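Visitor: In mature numbering (1 follows the signal peptide of the UniProt record, and there is no 0), the protein residues as written are -26 to -1, 1 to 165. Every residue, glycine too, gets a C-beta built ideally from N, C-alpha and C. Remember, it's a predicted structure, so these values are computed and weren't measured experimentally.
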Amino acid sequence: MSNVAQTAALILYLWSVFVQFSRTTGLGVNELLYFRVISPEEIGYIFSAAPAKDFGGDFTSSYDEIFLVPAEPADGCSELKDREILQGQVVLVERGVCSFVQKARHVEEAGGKAVLIADNAEDNDSQYLDMVTDGSTAKPSIPALFLLGRDGMMIRRSLQRQALPWAVISIPVNVSALASFPLKQPPWTLW
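1. Hey, which unbroken runs of the alpha helix (DSSP H) at 4 residues or more fall wholly within the region 24 to 89?
2. Would you call the region 40 to 51 and the region 102 to 120 touching, i.e. three or more CB-CB distances under 8 Å?
3. To the nearest angstrom, report how far apart P14 and M127 are at their CA atoms.
4. What do you get for G86, buried or exposed, if any count of 16 or more other CB atoms within 10 angstroms of its CB means buried?
5. So L66 and L103 are in contact, right, with Cβ under 8 Å, and what is the actual spacing, rounded?
6. Report yes if the C-beta distance between A78 and A45 is below 8 Å; otherwise report no.
7. Using the C-alpha atoms, what's the distance from N98 back to I129?
8. Under 8 Å between the Cβ atoms of I143 and L42?
9. Would you mind listing the alpha helix (DSSP H) stretches within the region 82 to 153 that are 4+ residues and don't spill past its ends, in chain order?
10. Taking residue 242 and N94 to be in contact with their CB atoms under 8 Å, please state how far apart those CB atoms are, rounded to whole angstroms.
11. Do I59 and P139 come within 8 Å of each other at the CB atom, strictly closer than that value?
12. Under 7 Å Cβ to Cβ from Y37, same chain only, skipping five residues before and after it: list those, please.
13. Taking the alpha carbon of Q76 as the point to measure from, which residue in A26, S100, S150 and D125 has its own alpha carbon closest?
14. Based on DSSP bridge pairs, tell me the residues matched to L7.
15. Please go through the same chain and pick out, in chain order, the residues whose beta-carbon is closer than 6 Å to the beta-carbon of Q136, but skip the five residues on each side of it.
16. What does the alpha-carbon distance come out to for the pair G62 and Y19?
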C-alpha cells in the first residue's frame, strides 16, 4: 500500500473513531485532552480526559515526561500525604465523597501541577461527566480533568501490581499528530 493510501486509510479510520466516540460521549475531539502513558509499558496507551467546565486552568506547558501520582487518600478529600512526591506532578484521585473543586484544591495545595479525577464507577469506559463548581468562591487554578473509571482503575491496578509509586506520562498530547507515533489506545475503551 502506498503512503498516500496509508494516510487516507488512517484519516478514514480516525474519522470513524471520532464519529463513534462523539455518539457515545456527546463530546467532540476538541473538547477532550489527551495524555500518553510512557511507563509502565503495559499501560503505554493514549488516554482521553474531559477538562472541568467552569473551574481549573489550562495547560500552559506541555510535559513530555511528568509523573502521574495516585493520591493518598485516594479520594483526595482531605489533606494529601507525601506532598514532597506530589510537588510539581500530575495527581490521580478518585471521584466521590467530596466535590471536584475540593479535590482539585487539595491537589493544588499539595503543589500538584494538574489533577486527573477518575470516575469511581470502574466499569465506565465511555461516559464523561461535566465537572462543575460546587458554589465555593475559592476555585483552583490548576487543570482539572475527568478520567473514565475503567482507565483510572487500569492505571492504578498496573501501578499496584508492579509496586510502582507513579506512572510517567506526556500531557497534553496533540491528537492531530497521532500519525507521528503509533496509534495505541487502551484496548478496553471504545474510541
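Guide: So, to answer that:
1. 57 to 60 and 74 to 83
2. no
3. Looking up residue 14 in the sequence shown gives position 40. Looking up residue 127 in the sequence shown gives position 153. Approximately 14 Å between the Cα atoms of the pair.
4. Along the sequence shown, one-based indexing puts residue 86 at 112. Its Cβ being crowded by 16 or more others within 10 Å, G86 is buried.
5. On the sequence shown, position 92 is the one that residue 66 refers to. On the sequence shown, position 129 is the one that residue 103 refers to. Not a contact, Cβ separation roughly 16 Å.
6. Along the sequence shown, one-based indexing puts residue 78 at 104. Along the sequence shown, one-based indexing puts residue 45 at 71. Result no, Cβ atoms of A78 and A45 do not sit closer than 8 Å.
7. For the purposes of this step, residue 129 is taken as the residue at position 155 of the sequence shown. For the purposes of this step, residue 98 is taken as the residue at position 124 of the sequence shown. Taking the straight line from one Cα to the other gives about 14 Å.
8. Position 169 of the sequence shown, counted from the start, is the residue given in the question as residue 143. Position 68 of the sequence shown, counted from the start, is the residue given in the question as residue 42. Yes, the Cβ-Cβ distance between I143 and L42 is below 8 Å.
9. 123 to 135
10. This structure does not reach residue 242, given that the chain is present from -26 up to 165, and the question cannot be answered.
11. The residue labelled residue 139 in the question sits at position 165 within the sequence shown. The residue labelled residue 59 in the question sits at position 85 within the sequence shown. Their beta carbons are under 8 Å apart, which means P139 touches I59 by this criterion.
12. Translated into the one-based positions of the sequence shown, residue 37 becomes position 63. Counting only Cβ-Cβ distances below 7 Å, and skipping sequence neighbours, we find S144 and I145.
13. Against the sequence shown, residue 76 aligns to sequence position 102. Closest option to Q76, Cα to Cα, is A26.
14. Taking the sequence shown and counting its residues from 1, one reaches residue 7 at position 33. Per DSSP, A23.
15. Stepping through the sequence shown from its first residue, residue 136 is reached at position 162. For Q136, where only same-chain residues beyond five positions count, the Cβ hits under 6 Å are P14.
16. Indexing the sequence shown from 1 puts residue 62 at position 88. Indexing the sequence shown from 1 puts residue 19 at position 45. So the alpha carbons of these two residues sit roughly 23 Å apart.
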